[in-house]
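Numbers in this note's numbering are just positions in the sequence shown, counted from 1, shifted up by 5. By construction, the Cβ of each residue, glycine as well, lies at the ideal position given by its N, Cα and C atoms. Model, not experiment: these values are computed from the prediction. A quick write-up on the structure given underneath.
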Amino acid sequence: MNSLKKWIPVVLLAGAPLAYAQNTETMDNAKQASTAMVLAATPQKSVEEQQIDSLQKDLEAIRSDLAAQRERDDRRDLVLGDPNSHPLWP
């Protein structure tokens, strides 16, 4: 009898979450409601705006490549110097 009294609280603590658990339908409804709220809060871009963003990203990539090429050319000119100002140039 004494060991039974010792295990009763353990059994009750183990079963308590099951007693308070809700069915999955409530959780699914809450998840769908939160998803709908988030989607309604975020602005959707039109196809034209998405194309403009894509073109702007491409343009920035081209600009950065051009700037890197100019920097390499400037460094090369500093190292080699002006090819038209050679002392043996006629």
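- Secondary structure note for L93: it is in no alpha helix (DSSP H), with a DSSP letter that is neither H nor E.
- Taken atom to atom, the span from the alpha-carbon of Q37 to that of E53 is near 29 Å.
- Distance from the CA of R81 to the CA of S90, rounded to the nearest whole angstrom, comes to 15 Å.
- When DSSP states are grouped into helix, strand and coil, K11 belongs to the helix group.
- For D82, the enclosing alpha helix (DSSP H) begins and ends at V52 to L85.
- Taking C-alpha positions only, D70 is separated from K62 by approximately 12 Å.
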